[in-house]
Structure formats: C-alpha cells, structure tokens
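Single-structure report; data block below.
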Amino acid sequence: MAPVSQTLHVWLPSTRRFAAKQVIFKQVLLVFYVCLSLCLFAPPTATAQTPSSEAQATGGVRLRVRPTKEKGLPRKRFYLIKGSAEENKALIEKINQHPFLTRECYYRKAGASNEFIKWLAEGDCESVYCRLIEEKFVSGATAVPEFRAAYERGVKEYKKPELGRLWLTTNLTDEIRDGFYRQRQAALKALISEAEILSKASVMSVMTDGKGTANFTDLLPGTYLITNLLPAEFGNNSLLWRCEVKVKAGPFKTVTVSNATDKNCVVVEKPLPACDASKQTALKR
Amino acid sequence: MRIRLVIIIVFAALLGAGYVFPRIALNATPTFSPQVNRKKQTGRTVRRRNQSRSQRKPARDYSQFSHRSAKHQSLACDACHKAPTANWLKASAFPDVADYPSHASCIKCHRTEFFKGARPLICSVCHTKVSPRDEARFDFEKPNQPSQFSTIFPHDKHQDVIASDRFKGEPVAAAHALRSAPRAQDKSRAQYYNCAVCHQTEAKTPNPPGGFPDNFMPPAGTFKAAPVGHASCYNCHWKNQEPTHNDCAGCHKLSETDVAMRLAPKRNSLKFAHEPLEAHIAECASCHINITRESSLLNLKPDVPITSCSTSSCHLAQTQTEFEQRKLDSSFGCVKCHTSDVGKRPVPASHSALFTE
C-alpha cells in the first residue's frame, strides 16, 4: 500500500498538497489529544469499584395456608410469580389445564403394593425419603413387600444387615423410590419456565412449615401471584390456589390462603380422581 | 512547525515510557520472565538455550498435592480414588472412600520424585514420616487442611424429599408449637425425616483461634452441625440415585482457591442457643424463614430475621427495651442476643422498622 504522501502527490496539484497535509496532520493531532484527555481525565471506572446504589426498600409476604380452620397445610411449596392474575392469564390457563395424577394413582399404575401406598400416605410422602423405614416395615407381618425385597438385596450386597436396612432405598426401582416426586418436578419445572418467560422475572418458591406458614422476603414493591402451581392433595380433595397480592415496602403482609371466598384468592377444590385399575402394571424389580 | 515539534517530543516520550516501564516490571519479577532474564545472563544463557522447556519451569512443591494441575485435572477421579477403598470394612461403617490412593496411582507419572534423595518430598503428602521403614499415614482426609473443592448441593430438593406431615396427631406445644428433632427415646412414634437428618446439634462448642468476642463461650448446644463426609449422602446416592458414588464431580467442584475449614459458625446473635429444646423447640423453618427458598449452598441464607424472634411474647419486651435504651444512649450495646462486636454496630433498618411502627 502506497504511503499517504505519495498518494497525495499523485492525486493533488502541488499547491494544494501542503494544505491537504496540514488537514491530515491536524486531524491526527485532534485524535491524539482526545485520546490523551480521555486517559487523563476519564473517570477510573475500570480500576475503582463504583459505589453501590442505595439498597431498594423491600417488603415481604407471610403466607398462611389454611385449608381448614384447625390445621394448616404443611410441607407444600408455593411459588411467587411477578405480575397480576390478569398479566399471568396465559399461565393460569396452562395451570388449570395441566393433567393431575394423584400419588395413589401414580403408584397403582406403577404396580406398587397396597402396603407401600399406605406407608407413603401415612406420612403424606411424595417419595420414600421422607420417613425412616423401620424394622417392622422390612420383615414380619407388617412388612412392605417392596422394602422386604430391597432389604434382602442390600444384605447380600453390603454384607451388613443394618446397612441393608439403612441403605434400603438404593435397592428400590427408580419408579417406586421417587418416581412420583420426579414426575411432579418435571411438570413444575415446565410451568416455572413458562412463568419466567411470561413475567420476565425469576420465580421464587418457599415451603410451608408444619403449621402451614411460609415467608417470601426481600420483595420489591409490586403485584405478585402466589400459587402452588400443581394441586395439593388434602384429605379426599385436591386444592389449587392462586392469590394476587400487592407488596409494599415495609413490614410483612400476611396473606391467608384458605378455602373461604376471598376477592384476591381463588381456590379450585376437586375430589381426588379415582384411579384406573386397568392401568396397573407389574412391579418392576 | 513548533506544534509539530511538540507532538514529536510527546510521542517520543510516550514511546520511551512504553519501552522502559515494561522492562522495569519484568526485571522486578525475574522468576516469571525467564526469557528476559536469559538475555542478561550472558554466559549461562547460551548453555541454557538448549535445555528442554520442562526444565525451565519453576520448581514444583511436591510436598503439596494439588488437584488443580492440568495433568491431574485431565484424569478421571477413579484413576486414583477408588470407591469404596479396600479398607472400608475396617475404617468405616459403610462402603466409603476411606484411604489415600495407592502408590500405583502416583508412580506412573512421578517415578522421578519417588526416588529423589533419601527423603523424597512427595512421600510427605500422605505419610507422617518419610522413611522406608514407616508406613504410617495421616488420617484420611488429611486433618486441618483446607479443601480444594466446593460442594454442589441442591438444598431445596433435599428439603422437598424429606418433607412430610410428620406431626399428625402430636400434641401441640404451647410456646413454639413444634419440635424439630425426632425424639430417639420415643420409639413408638414414627420417625420422619427433617432438617435433623443432616443438622444435628453440635455436642461440643467449637473453639475458634482467638476465641469468640468478649471472651463469650457459647454453651454446648448452641450450634447445629452440617454434614461432613459421605455418611449423609451415600445412604441414598450410593447407586441408582444420581449423582452416585462414582460420580465425584456430581457433588465436588474444583475450586479456584482453597475452601477454608469452618472453624466456628458465623453468627450475628451468638447468644442464641438451639438447645436445650425446652427453651427453643420451634420448628427450624419457622425461624429460618429463607431456608426453603434457596437451591444451592452458595446462596443459602440461614439467617434468622429479627421478626422471627421479636414478635413472639418471649422476646418482644427485651428487644424493645434495648432498642429504647440505644435510642437514648448511642454508646449502649445490645447484649441480650449480641456480643459487643455486633451489639454496638449502628441499629439496622430491620430492627428500627420493627419498633418504630
């Protein structure tokens, strides 16, 4: 490539060459000064941390889930979605249309024994992990067939009878062990993802304690939708709630989620569907 | 013309500075610039030019084992660690990784270091004494060592699966309503899993170097423990339930910096004790109100906000009295819950909001 001076020599008459050179020279000078002043006087953003902006005031919601007056709904997850019910209309539609499979129906379909289903129901468990598998459920008249079989495999494998019982879940099939929990998780994951796309904000979740209370903290003021996304089993019914709540900065706002009529809360209560006995399959061992 | 001269001088000065300063910097750290150094050392430089590149690398400290070296990272975990180790029946109550990798795992690449001198440094990684006649090794895992790994643990998922309505039919206690830990002595009652599966009460109070502030010694039962080792994991994750025992990376993530050992829990309210249960028998999540929302150990917020305590009839009066005293005398320190390092700090907004309502 020819240098600038040679190019000018070719294309410009000699009287204008000097003027052109001066223009280029001035432009280079200008660029240099601009760079130099930027280096010297620009705020040192790259080297120093910008002071954090003042923390925004937040509020919170104390959730009390009371399907009956006497008892709260324990150990159930509730989800907080940004936006009002109207703004989340499409999501609510999806939630309402989502097929609901009860714990009993799932395990009957998987070919689980009556004893196993009863054992889960006693602790309102979604998987085998929620309660200790005691000796009486492993051998003897009250034994759960699935547990007895897994225990026998464990004793052979781990060489220690106690380990066979404590590690019993490692010898259960995937479906029996936590299949119901996993299929619910898959459905929840899909609904949460949908909610996050629609609301353009991440979905927060908390679990109720033994009394059916949970807290959503550090919330920016605004309107939110609180829902359990998938129906919860309570007695012989399924319960699906959605409540609209306006959060202001400051102390917690208590929201009671019950079956009573409330202008901000909607409850869909349905009797648990009967399980289709024909869909039972043999227990996979 | 004068302007042109000035510009040329400025450019020359800048070029000169650019030329000189890197050299100063390089000279200041000769170990990291072997090529620059080599030019200075005239006689030796010629001889060293032909030396292999590996010999020019800074000397490694073979008394310290690092999982972070490129070569170690390129290996599968089970190239060295066996799960379970051959000694598990003697060393552990369950199949576990209970010993250091065998010599065979190391010697393939480190034969030179194994036979270097009378007391090879590499032996001191595992052995207490470097001697061919002494096979004694440190306890596994090596005591008082920071971990090179952080733990991946989805806390919420574990809470989900252990959660159950285990209080069905139990009488409700008056003060805090619910008990958190299964009572071992009551064997007739079904034991349901909950936080206590992993978080037992620390029987012994940890003693951090330098002690606790104000020489305050928290009584036994103050802190809850977190799981250490595989005991709380393998009973479910040994096989089938992922991550299983042979998928180390499912839980252990190599950390860029060492993860310091937890010497004592960090607490704002050091004077709170979890035990005895007669005093605090609330369910864990009733006070640790943020604990169920986090999906990872990294963001976990086990803090108990003041609203969990001060709204109860037990603590409202005391906390309010201290707050009022603090308003009158800014040098007053809150002592009911805090040691002086926290009690004399400016009153946080969460506390002010509670009592100015």
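If you're matching them up, the sequences are chains A and B in order. Note that our numbering has the first sequence beginning at 92, numbered continuously upward. Note that our numbering has the second sequence beginning at 2, numbered continuously upward. For each residue, glycine too, the CB sits at the ideal point set by N, CA and C. Computed from a predicted model, the values in this text were never measured in an experiment.
Cβ distance (whole Å) where residue i is taken to contact residue j below 8 angstroms
i      : j      : result
B:R61  : B:Q149 : Not confirmed; about 16 angstroms, so no contact.
B:N145 : B:M262 : 7 angstroms
B:P214 : B:T340 : 4 angstroms
B:L317 : B:H156 : With 8 angstroms as the limit, B:L317 and B:H156 do not qualify as a contact, their Cβ atoms being about 31 angstroms apart.
B:A164 : A:R222 : Not a contact, Cβ separation roughly 10 angstroms.
A:L154 : A:I317 : 6 angstroms
B:P220 : B:A274 : 6 angstroms
A:R256 : A:E226 : 7 angstroms
A:G301 : B:E284 : 5 angstroms
A:Y170 : A:E217 : At roughly 16 angstroms, the Cβ-Cβ gap does not stay under 8 angstroms, so A:Y170 and A:E217 are not in contact.
A:L363 : A:S329 : 6 angstroms
Beta-carbon proximity of residue i to residue j, cut-off 8 angstroms
i      : j      : result
A:V386 : A:V152 : Absent from the model: residue 386 of chain A. The displayed extent of chain A is 92 to 376, so no value can be given.
B:C338 : B:S270 : yes
B:H289 : B:P303 : yes
B:H253 : B:T245 : no
A:D269 : A:Y220 : yes
A:E285 : A:A176 : no
A:A323 : A:L164 : yes
A:L311 : A:N319 : no
B:L255 : B:T308 : no
A:M298 : B:T293 : yes
A:A232 : A:N262 : no
B:A80  : B:S106 : yes
B:N247 : B:A18  : no
Buried versus exposed, by CB contacts within 10 Å (16 or more), residue i
i      : result
B:Q160 : buried
B:R112 : exposed
B:S287 : buried
B:A350 : exposed
B:E136 : exposed
A:F293 : In the sequence as displayed, the identity of residue 293 of chain A is Ser instead of Phe. Flag for A:S293 reads exposed.
A:L211 : buried
B:S132 : exposed
A:G174 : buried
B:I123 : buried
B:R120 : exposed
A:I115 : exposed
B:T86  : buried
B:T43  : Residue placement at B:T43 is flagged as unreliable, the pLDDT there being 45, under the threshold of 50; the coordinate-derived value follows with that caveat. Exposed: under 16 other Cβ atoms inside 10 Å.
A:L321 : buried
B:P306 : buried
B:K130 : exposed
B:H1   : Because residue 1 of chain B is not part of the residues shown, which for chain B are 2 to 358, the question remains open.
A:N187 : exposed
A:I172 : buried
B:G344 : buried
Residues that residue i contacts on chain A, provided the C-beta gap is smaller than 9 angstroms
i      : result
B:W89  : Neighbours of B:W89 on chain A: none; closest Cβ ~10 angstroms, over 9 angstroms.
B:F324 : Neighbours of B:F324 on chain A: none; closest Cβ ~15 angstroms, over 9 angstroms.
B:R3   : Here the premise fails: no neighbours, minimum Cβ distance about 13 angstroms.
Beta-carbon proximity list for residue i, same chain, < 6 angstroms, skipping 5 on both sides
i      : result
B:C127 : Y101, R138
B:T320 : S311
A:T308 : G151
A:P190 : none
Under 9 angstroms from the C-beta of residue i: neighbouring residues of chain B
i      : result
A:N319 : Ordered by position in chain B, no residue passes the 9 angstroms Cβ test against A:N319, which lies about 13 angstroms from the chain.
A:Y197 : None at all; the shortest Cβ gap to chain B is about 15 angstroms.
A:T149 : The premise fails here: A:T149 is roughly 10 angstroms from chain B at the closest Cβ pair, so nothing lies under 9 angstroms.
Same chain only: Cβ atoms within 7 angstroms of residue i, ignoring 5 sequence neighbours per side
i      : result
B:T357 : none
A:L289 : N179, A181, L182
A:N350 : P158, V358, E360
B:H200 : K225, A226, A227
A:F238 : I224, F228, V229, L259
B:P147 : D259, V260, A261, M262
B:F66  : V126
B:A185 : Because the pLDDT at B:A185 is just 41, under 50, the model does not fix this residue reliably, and the value given afterwards should be weighed accordingly. Closer than 7 angstroms at Cβ, skipping near neighbours: no residue.
A:F325 : P158, L164
Cβ shell of residue i (< 8 angstroms), same chain only, five flanking positions each side left out
i      : result
B:N236 : F95
Residue i: contacting residues in chain A (beta-carbon distance under 7 angstroms)
i      : result
B:K160 : For the sequence presented, residue 160 of chain B should be read as Gln rather than Lys. M298, listed in chain order.
B:Q321 : What B:Q321 touches in chain A: nothing, since even the nearest Cβ is about 15 angstroms away.
B:A164 : R166, C221, M298
B:Q149 : Result: empty, since nearest Cβ-Cβ is about 28 angstroms, beyond 7 angstroms.
Under 7 angstroms by beta carbon: chain B residues contacting residue i
i      : result
A:N306 : I290
A:D353 : Those do not exist, as A:D353 stays about 23 angstroms from chain B at its closest Cβ, beyond 7 angstroms.
A:L257 : N236
Contacts that residue i makes with chain B (C-beta to C-beta distance below 8 angstroms)
i      : result
A:Y249 : F95, P96
A:Y272 : D161, V162
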